[in-house]
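Here my numbering runs 8 ahead of the position in the sequence shown, where the first position is 1.
Glycine included, C-beta positions come from ideal geometry on N, C-alpha and C.
Worksheet: one structure, shown below.
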Amino acid sequence: MAVYIWLGIMVVLLLIEAVSVGLFTIWFAIGALAALIASALGMGVLGQITLFFLISLALLFFTRPIAVNYINPHRIRTNYEDLVDKVVKITECVDNRKSTGTAVLNGQEWTARMQEDDLILPAGEMAKVAAIEGVKLILVPVKNIVE
9 MAVYIWLGIM VVLLLIEAVS VGLFTIWFAI GALAALIASA LGMGVLGQIT
59 LFFLISLALL FFTRPIAVNY INPHRIRTNY EDLVDKVVKI TECVDNRKST
109 GTAVLNGQEW TARMQEDDLI LPAGEMAKVA AIEGVKLILV PVKNIVE
């Protein structure tokens with residue numbers, strides 16, 4: 009009877025994987041297959057459950073990153089990562105509470121916000137890009153940068 013239970017679990021997990029295509033439940037389906045084989049060979053229920061979790065988690069942690077890179081190798085890389093840590097010049101006062109602020113980076117004007125809401129940077133000041141959220145530069149003042 010346990011063989012049919014593991015078969016059912018495996019089929020359900022494979023269906024979930026087919027719908028979601030997230031490469032998550034496939035590893036548990038393989039774990040269910042291992043437990044199904046163990047059940048067919050006469051292993052006890054506790055051993056089957058342990059085998060299921062050990063195989064599933066090992067595959068999830070060790071092979072999922074490789075599989076994701078293999079299946080989706082054409083991830084479009086944007087260059088925004090290269091903009092972090094660059095110094096920019098403020099062209100309009102950056103004030104998060106008033107939702108104002110722009111800065112020039114590589115000759116382009118960007119919407120700018122401070123990393124800390126209570127900080128305000130007037131036009132003409134220099135700031136460092138701490139992060140990018142959407143089309144906004146998240147800035148920290150240059151004088152607050154610890155090298």
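- Task: Please determine, among I24, A42, A10 and L129, the residue with the shortest C-alpha to C-alpha distance to T99.
- Result: Answer by Cα proximity: L129.
- Task: Would you grab the beta carbon distance between A120 and K144 for me? Rounded to a whole angstrom, and I think it's under 8 Å.
- Result: Contact between A120 and K144 holds: their C-beta atoms lie close to 7 Å from each other, under 8 Å.
- Message: Within 8 Å, do at least three Cβ pairs link the segment 45-56 to the segment 25-32?
- Response: Taking one beta carbon from each stretch, the segment 25-32 and the segment 45-56 have fewer than 3 pairs nearer than 8 Å; the two do not touch.
- Message: Please tell me whether A37 and F60 are closer than 8 Å, where the distance is taken between their beta carbons.
- Response: A37 is not a Cβ neighbour of F60, given a cutoff of 8 Å.
- Helix or strand or just coil, what does DSSP make of I74? Here DSSP, grouped into helix, strand and coil, assigns I74 to helix.
- Determine the direct distance from the alpha carbon of W35 to that of A66, and round the result to whole angstroms. Going from the Cα of A66 to the Cα of W35 covers about 9 Å.
- Query: DSSP state of V92, grouped into three classes?
  - Reply: Three-state DSSP puts V92 in coil, outside helix and strand.
- Query: E133 by DSSP, collapsed to three states: which one?
  - Reply: Coil at E133, not helix or strand.
- Message: For Q116, count the other beta carbons within 10 Å of its own beta carbon; 16 or more makes it buried, fewer makes it exposed. Which is it?
- Response: The Cβ neighbour count for Q116, taken over all protein chains shown within 10 Å, is under 16; the residue is labelled exposed.
- Query: Comparing alpha-carbon positions, which option in I74, V137 and W118 lies nearest V95?
  - Reply: Of I74, V137 and W118, the smallest CA-CA separation from V95 is found for V137.
- Query: Using the C-alpha atoms, what's the distance from D103 back to V76?
  - Reply: Computed Cα separation, rounded: 41 Å.
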